[in-house]
Each structure stands twice: as C-alpha cells, then as structure tokens.
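A.B. asks: Numbering (the working numbering), first residue to last: 175 to 901.
C-beta: ideal position from N, C-alpha, C; glycine also.
As the structure is a prediction and not an experimental result, all values here were calculated from the model.
I have a structure here, written as structure tokens, and I will follow up with some questions on it.
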C-alpha cells in the first residue's frame, strides 16, 4: 500500500514538473513569436479613418471601411464607464489584470450548467485579445493574451486601459468604439449620452448581432436593463437614477409614433425618449463629386490599409463654399430639372495655382456615379475656337485681319455657319465674337494643323488627339470639362501652363507631412500674345455669343471672358469662361449623345448656367478678380495698345463704321493707320488689306491641288464626320 501511494505521489510530482516545463516552453515560444511588447503596446492605436479637408481646413469627408472615431477617457461620461465596468469586469479597478474570483465563479457555473454560460475575461484581457491578437490556435493565443495582459497592467493606468478598450470594442454595423457608436445609434456626441443610453451601449458588445439596437431593439433594451441592474447592485447609480433609466423609451427611427415624428431630438430627450438612427445602406460623402477623385488618387500613393485605417489627414484644393454654390446652381437649373435624362459636368480651377476648387459630376451625384466632369469625353465644338485664333495671334496675325465669309466645299464636307448664313467679311475679332465657322476654318487653313497642335500641346493638351484635317477648327476632337478647363488656364493667368491639383499635402495621424505637392507653373506663351486672345474672349461676353454669362458686381459687369460651343444638332452645349482668378468649363447634354432641342446652344443654355453660378460666387463674397494683369501690364508698359476699329474692314473706326465699332488690342507697332472710310478693297482675296497684315491668297494657302485632295480624303475617310456635318 505504501509503495502504491509513493508511486502515485511520484506520478503527480512528475506531471507537475512536466506541466511546469511545458508551460515554460509555451511562454518562451509565445514571447519569441510576439513582436517587441513595448513597441506593440506603445504603438497601438485603434483603426482611424482618414479625413479629407478643404482648402480652409474644414473636414469635408471621412474615408473608412470600418467606422471608428476615438474618444479620450475625459470625453466619456461617468455613467458609460460605470456601465462597462459593472457588466464586464466589476473588480477592474482592484485586480491586476486577472479577476481570480470571477474566473473561479465562471468555472463553477460552467461546470454546473455544462456549458459556457459565464465568461471570465477581464477588461484588460479582452483588450489584449481584441487589439493585439489574431484568431490562431487557442492555447498559444491564451498564453500570448496572458503575457500582453501582464504588460498592459504594468505599463498603463486603469483609466488608460479602459480608454483603449472602449475605443476598440465592436458594436456591429461596422461601428467600432463608443464615440462612433453614440454617433451612429443616437446621433449624439458620446459626452452627451444619459444613463439609459450608456447601459444600452454597454450591453451591445457582448453579442453585437443579437443586441444591435437597429436590428433587435427589444433584445438591446432587455440587455440594457440587465446592465442597469448591475450598476444599481454595485452602487454605481442610486435608486432614483435607476428608476428613471428603466422608464426610458427607445424607438427605431422608422417605428417612431406619428405624434412624435415632428419633435426634435432635444424635445424627445425631455420626454425621456431616445431615437435609434437608421443606417445608410450606401456610403455617403458630403462632396462625392470631389471625394471620389481624391480617394482614387490616394490609391496611387498608399495602400488600402493606410487609407482606411491609419488616419491620414488629406488637405485638398476644394473650396467647400464654391462647391456648395456650384452644386446649388447646377441642381436648381430649370432646364436640367425639367428635362429627364439631361445632364452635364462642371469644373472650376484656380488660374494661378491650378487648384481644383469645385467639381460637379452630374445631377444628384452619389458616390460611385459616373463623374462627367472628369470622364465625359465630348466634342467641344466652338469652345475650341480660341486655340485656332490664338495660334494665328502667336504667328503674328493681329485680330483686325479680315477674312471673307463665303461657302467652302471639301468633297462631301460642306461646312456651314450657324443658321446657314454667310456675311461676306469679318475680322478675326468679330469672327470669334460671333462664332463664325467659316472664319475659324479659313484661319486654321492658313496657320496649319502643325502650329495648332503645338499651341494645344504647350497649353497642356498632349493627350488630346486633334483630327488631321480642317474639321478641327470646329472642335471635332473629344475632351472632358476637366481637360478643357486645364487648357484654358494660360488664357486667364497670362501664359502659364499649370498642372491642376486636387491634393496639396497629406499628414499621418501624428501630424507629420508625408506627401507634399507644390503648384507648378511653366511659362509657355508670351503675356502679350495671351493678352490678345483674352481680349477677344472678353469681347465674346460683352458683345457676342457669351452675353448670357455676364455677371455683375456693384451694378457693373465683372471682368470676364469666355467662349460658347454647340456641337452639330445640339448634342452638346458648352461654355468655357475665364476670370482673372478662375476658369470654369461646363457642358450640358444627354449621356447617349442624342440631340437636344434646337434652342439648346452654348450661348443660350450653358452660358446662362455659368453666369448663374458665378453670380452666386460674387454674391457670396468670392472675389473673381478686378483685371487681367497680362492686359493691364501690357498697356501700362507700352507693349500693347487699345484701338477702336471697324470690325468689317479692320481699319480705324470712324463715322462710317456705325455698329461695327470694336475695341481691339494690338502689339505696339501693328495697329492700323488708315480709317474705315478710305477702305476700297474688293475682298477678292481670302485675307486682305494694306494696313492689315498681308496674308497669302487662298490658292497659296491651299498650296496645291494635291494637298486639297488629301485634305478631302482625310475628311471623307473618317466616319465620325459623315454624321457630324450636314451637306
């Protein structure tokens, strides 16, 4: 008998030693597998969404996959902290990471019930498991959990541990942390929730699917009452507070009684009622037209984890005030409201910096929708003509150059003016003012496609494919509103190519700048040349097809220029406008490119929308600039001169000019010297005049019959032109 007892004792001692050795091996192995515990714990932060700021530092949107905002322990009300301690770990402030009594009680209850009816993890253990560990094999995870628990208790105060825990817990519906949960469920800041609301929130994390108040409000309320009972039991609330909290009513937003639906949240609160907010089924951004673009650009710079979890602070070029003005104007424009399917896009870019200040991707734009401002490729029509005339100006042809407005034929293509009218003679100035097609075509015929391509590329349009024939004069390439706005920037800023920007800088969650983008300006055109085309664009607004875009400030027209554009059969109507500060391009049309009404022109439809938008900007206090510096500087330094001309013959205006008088801008030394009354030319030539710059005759411009035949061949072989122009 003694021998048997001794053997059993040795066996127990051996098992104890083996158990100790085994535990030691597990602990050593766990320590080796864990990263540096100091860095792990000190570097811990819950998932933080990235914030997007506008140019004035206002938060305009938050990027997230999981919704998570962190709160400090000071922000959390006492009732919320007490609720969690009462239901999760009532001896939290007295134990050292492990509630031995609680663990013992749980073991007994679980043995009696033959189930896992009672949990035993302390708040510190739960934080260690949820924040730092993955779902690996149970034994090793428990060992690691114990190690991290000890380190947490050694390195942090109880309040610091509780703060981390309450920012980590999951509430369902993608919401993490008490601050996010309070906002998501109650529409309140966490510091303003009451005892009943605290108790309900404290009950949810035990089983988020079962106790989510949006889906199972009765379950959540029942669980909340259990939390209240625990709080009362451990003297964390008194009897009066307990009874008031028990009587508190919770309603889902959709089930709110009719008699309560008109009450505000504050009024409901006075009635001891809390409204559980509905969840949005689709991610919603305040400025989706712009935020979607920024989000895409972020993916070019960072990983998905960095964007959605590491709390980037993204500073952008958007001006939320201008964006709101653009949205309000666009959404309330009657033609867009009344015509089903009619849509468009609009972009505003600051001329000097290239900062994109406002983007409208379409009517009622939602996140993920097709952004017409950025991606809609449309023919710009006559809104492209400034590049034809600017090419001529760069080559030395002044704006008083006269062109004969007579019919042209190129094989099957017989280009026409709007209204199918021809008016004999126009200067370049009036040709653009009135958007005369024949004038633009003949100008391009003279200056050549090679020079036009150079102009467009210098402005920033390397990717724009200009047709290899004279139809380019009528804007038969395709561009987006964003691209056209970018190309117009040198016309507003005096000749500088500027790369458009959406983001200025990005900081990490600790405030360190990790990405910086500077405005990039490059002088590509001479200021005096640009002044000439800018003046012509001003003329379009003051006297021509852009009159509906005019904007007033203090009773006077602001300084502005622009160009209308209407494609064949009114498929797309454009307006591209410039001020000394901004460039804005807008188009209107159907997505399937079907024709609009015959009255839907750039000047009649789109220019008015542009004008409404800018009038709102001016009325809201946005300064659009007092003058185009490249014009005023040129006049002051004597490199430019302003002369009143006769727009029909290009000479100095006199009493015979009548309604044809126009202010024209010239480089010094190129001004006309003869008056209109001495004009006796017969206009047999294509470009004419003795005081004007002499251009070659039409026959010389065409160069040869072979070149003409090749031009016709290019046009006829391109199927896009067969339906684009009428015969």
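Could you say which of 392, 382 and 593 lies nearest to residue 345 if we only look at CA atoms?
C.D. replies: As a position in the chain shown, residue 345 is number 171, starting the count at 1. With distances taken between Cα atoms, residue 345 lies closest to 382.
A.B. asks: What separation, rounded to the nearest whole angstrom, lies between the Cα atoms of residue 809 and residue 471?
C.D. replies: Position 635 of the chain shown, counted from the first residue, corresponds to residue 809. Position 297 of the chain shown, counted from the first residue, corresponds to residue 471. Each residue's alpha carbon lies about 42 Å from the other.
A.B. asks: Return the Cβ separation of residue 612 and residue 596 in integer angstroms, given the expectation that the two are a contact with Cβ distance under 8 Å.
C.D. replies: Position 438 of the chain shown, counting from 1, holds the residue named residue 612. Position 422 of the chain shown, counting from 1, holds the residue named residue 596. Between residue 596 and residue 612 the Cβ distance is about 7 Å, and since that is below 8 Å, they are a contact.
A.B. asks: Looking at the structure shown, is residue 296 part of a helix, part of a strand, or coil, going by DSSP?
C.D. replies: Counting from 1 along the chain shown, the entry for residue 296 is found at position 122. Three-state result, residue 296: coil.
A.B. asks: Between the C-alpha atoms of residue 557 and residue 476, what's the straight-line distance to the nearest angstrom?
C.D. replies: Along the chain shown, one-based indexing puts residue 557 at 383. Along the chain shown, one-based indexing puts residue 476 at 302. Rounded to the nearest angstrom, the two C-alpha atoms are 38 Å apart.
A.B. asks: Where do the ends of the beta strand (DSSP E) carrying residue 702 lie?
C.D. replies: By one-based count along the chain shown, residue 702 stands at place 528. Careful: residue 702 lies outside any beta strand (DSSP E), inside the alpha helix (DSSP H) at 701-717.
A.B. asks: Can you have a look at residue 581 and say buried or exposed, based on whether 16 or more other CB atoms are within 10 angstroms of its CB?
C.D. replies: What you label residue 581 is simply residue 407 of the chain shown in a count that begins at 1. Classification for residue 581: exposed.
A.B. asks: Quick one: what does DSSP say residue 345 is sitting in, helix, strand or coil?
C.D. replies: By one-based count along the chain shown, residue 345 stands at place 171. Three-state DSSP puts residue 345 in coil, outside helix and strand.
A.B. asks: Looking only at DSSP bridge pairs, what is residue 532 linked to?
C.D. replies: Here residue 532 is taken as the residue at index 358 of the chain shown, counted from 1. Answer by DSSP bridge pairing, in chain order: 522.
A.B. asks: From residue 554 to residue 504, what does the alpha carbon distance come to, in whole angstroms?
C.D. replies: Within the chain shown, residue 554 is the residue found at index 380, counting from 1. Within the chain shown, residue 504 is the residue found at index 330, counting from 1. Computed Cα separation, rounded: 20 Å.
A.B. asks: In the DSSP assignment, find the unbroken alpha helix (DSSP H) run with residue 631 in it and report its ends.
C.D. replies: In the chain shown, residue 631 corresponds to position 457, counting from 1. Counting along the chain, the alpha helix (DSSP H) containing residue 631 begins and ends at 623-633.
A.B. asks: Just checking: is the beta-carbon of residue 229 within a distance shorter than 9 Å of some beta-carbon in chain B?
C.D. replies: Within the model displayed, chain B is absent; a lone protein chain is all it includes.
A.B. asks: Could you please give the first and the last residue of the uninterrupted beta strand (DSSP E) stretch that includes residue 757?
C.D. replies: Position 583 of the chain shown, counting from 1, holds the residue named residue 757. Residue 757 -> beta strand (DSSP E) spans 756-764.
A.B. asks: Taking the alpha-carbon positions, what's the residue 243 to residue 680 distance?
C.D. replies: In the chain shown, the residue the question calls residue 243 occupies position 69. In the chain shown, the residue the question calls residue 680 occupies position 506. Looking at the two C-alpha atoms, the distance is approximately 19 Å.
A.B. asks: If I follow the unbroken alpha helix (DSSP H) through residue 435, where does it start and stop?
C.D. replies: Against the chain shown, residue 435 aligns to sequence position 261. Element bounds for residue 435: n/a, residue is neither H nor E.
A.B. asks: Pick from 533, 236, 607 and 451: whose alpha carbon is nearest that of residue 224?
C.D. replies: Stepping through the chain shown from its first residue, residue 224 is reached at position 50. The shortest Cα separation from residue 224 among 533, 236, 607 and 451 belongs to 236.
A.B. asks: Considering just the uninterrupted stretch of the beta strand (DSSP E) at residue 562, what are its terminal residues?
C.D. replies: In the chain shown, the residue the question calls residue 562 occupies position 388. Run containing residue 562: none in the beta strand (DSSP E); it sits in the alpha helix (DSSP H), 559-568.
A.B. asks: For the putative contact between residue 704 and residue 668, defined by C-beta atoms under 8 Å, what is the C-beta separation to the nearest angstrom?
C.D. replies: What you label residue 704 is simply residue 530 of the chain shown in a count that begins at 1. What you label residue 668 is simply residue 494 of the chain shown in a count that begins at 1. Between residue 668 and residue 704 the Cβ distance is about 5 Å, and since that is below 8 Å, they are a contact.
A.B. asks: Evaluate residue 501 with the Cβ neighbour count: other Cβ atoms within 10 Å of its Cβ, from every protein chain shown; 16 or more gives buried, anything less gives exposed.
C.D. replies: Along the chain shown, read from residue 1 onward, the residue named residue 501 stands at position 327. With 16 or more other Cβ atoms inside 10 Å of its own Cβ, residue 501 counts as buried.
A.B. asks: Hey, quick one: how far does the beta strand (DSSP E) through residue 549 stretch, first residue to last?
C.D. replies: By 1-based counting over the chain shown, the position of residue 549 is 375. Looking at the DSSP string, residue 549 is not in any beta strand (DSSP E); the run it does join, the alpha helix (DSSP H), is 546-549.
A.B. asks: When you compare each of 621, 643, 641 and 653 to residue 635 by their alpha carbons, which one comes out closest?
C.D. replies: Here the question's residue 635 lines up with position 461 in the chain shown. Checking every option, the nearest Cα to that of residue 635 belongs to 653.
A.B. asks: Going by Cα to Cα distance, which pick from 424, 400, 411 and 439 is closest to residue 391?
C.D. replies: Translated into positions along the chain shown, residue 391 becomes position 217. Proximity to residue 391 across 424, 400, 411 and 439 peaks at 424, based on C-alpha coordinates.
A.B. asks: Quick one: what's residue 584 bridged to in DSSP?
C.D. replies: Here residue 584 refers to the residue found at position 410 when the chain shown is read from its first residue. Note: residue 584 sits in a beta bridge opposite 587.
A.B. asks: Under the three-state reduction of DSSP, which class applies to residue 610: helix, strand or coil?
C.D. replies: Working through the chain shown from its first residue, we reach residue 610 at position 436. Correct three-state label for residue 610: coil.
A.B. asks: Taking the alpha-carbon of residue 852 as reference, which of 843, 844 and 824 has the nearest alpha-carbon?
C.D. replies: The residue given as residue 852 occupies position 678 in the chain shown. Closest option to residue 852, Cα to Cα, is 824.
A.B. asks: Looking only at C-alpha atoms, which of 660, 655 and 619 sits nearest to residue 642?
C.D. replies: Locating residue 642 in the chain shown gives position 468, where the first residue counts as 1. Comparing alpha carbon positions, the residue from 660, 655 and 619 closest to residue 642 is 619.
A.B. asks: Give the C-beta separation of residue 460 and residue 234 to the nearest angstrom, bearing in mind that I take them to be a contact with Cβ-Cβ under 8 Å.
C.D. replies: By 1-based counting over the chain shown, the position of residue 460 is 286. By 1-based counting over the chain shown, the position of residue 234 is 60. That pair is a contact at about 6 Å.
A.B. asks: Does the segment 487-496 come close enough to the segment 738-746 to have 3 or more Cβ pairs within less than 8 Å?
C.D. replies: With contact defined as three or more Cβ pairs closer than 8 Å, the segment 487-496 and the segment 738-746 are not in contact.
A.B. asks: Return helix, strand or coil for residue 354, following the three-state DSSP convention.
C.D. replies: Position 180 of the chain shown holds residue 354. Looking at residue 354 - three-state DSSP - the assignment turns out to be helix.
A.B. asks: How many angstroms separate the CA atom of residue 437 from the CA atom of residue 450?
C.D. replies: Within the chain shown, numbered from 1, the residue matching residue 437 stands at position 263. Within the chain shown, numbered from 1, the residue matching residue 450 stands at position 276. Their Cα atoms are separated by approximately 14 Å.
A.B. asks: Looking only at its own chain, which residues have a Cβ that is under 6 Å from the Cβ of residue 464, when we skip the five neighbours before and after it?
C.D. replies: Within the chain shown, the letter at position 290 stands for residue 464. Only 492 and 533 meet the Cβ criterion.
A.B. asks: With a threshold of 8 Å on Cβ separation, who are the neighbours of residue 842 within its own chain once the five nearest residues in sequence on each side are excluded?
C.D. replies: Taking the first residue of the chain shown as 1, we reach residue 842 at position 668. So the qualifying residues of the chain are 812, 813, 814 and 815.
A.B. asks: Tell me the DSSP secondary structure of residue 453 in three-state form.
C.D. replies: Mapped onto the chain shown, residue 453 falls at position 279. Looking at residue 453 - three-state DSSP - the assignment turns out to be coil, as it is neither helix nor strand.
A.B. asks: Pull up the distance between the alpha-carbon of residue 249 and that of residue 428, whole angstroms please.
C.D. replies: The sequence position of residue 249 within the chain shown is 75, counting from 1. The sequence position of residue 428 within the chain shown is 254, counting from 1. Taking the straight line from one Cα to the other gives about 30 Å.
A.B. asks: State the start and end residues of the unbroken alpha helix (DSSP H) segment that holds residue 786.
C.D. replies: Counting from 1 along the chain shown, the entry for residue 786 is found at position 612. Run containing residue 786: 781-793, per the alpha helix (DSSP H) assignment.
A.B. asks: Taking 8 Å as the cut-off, is the C-beta of residue 823 nearer than that to any heavy atom in the ligand MG?
C.D. replies: Only the bare structure without any ligand can be found here, which leaves the ligand MG out of the picture.
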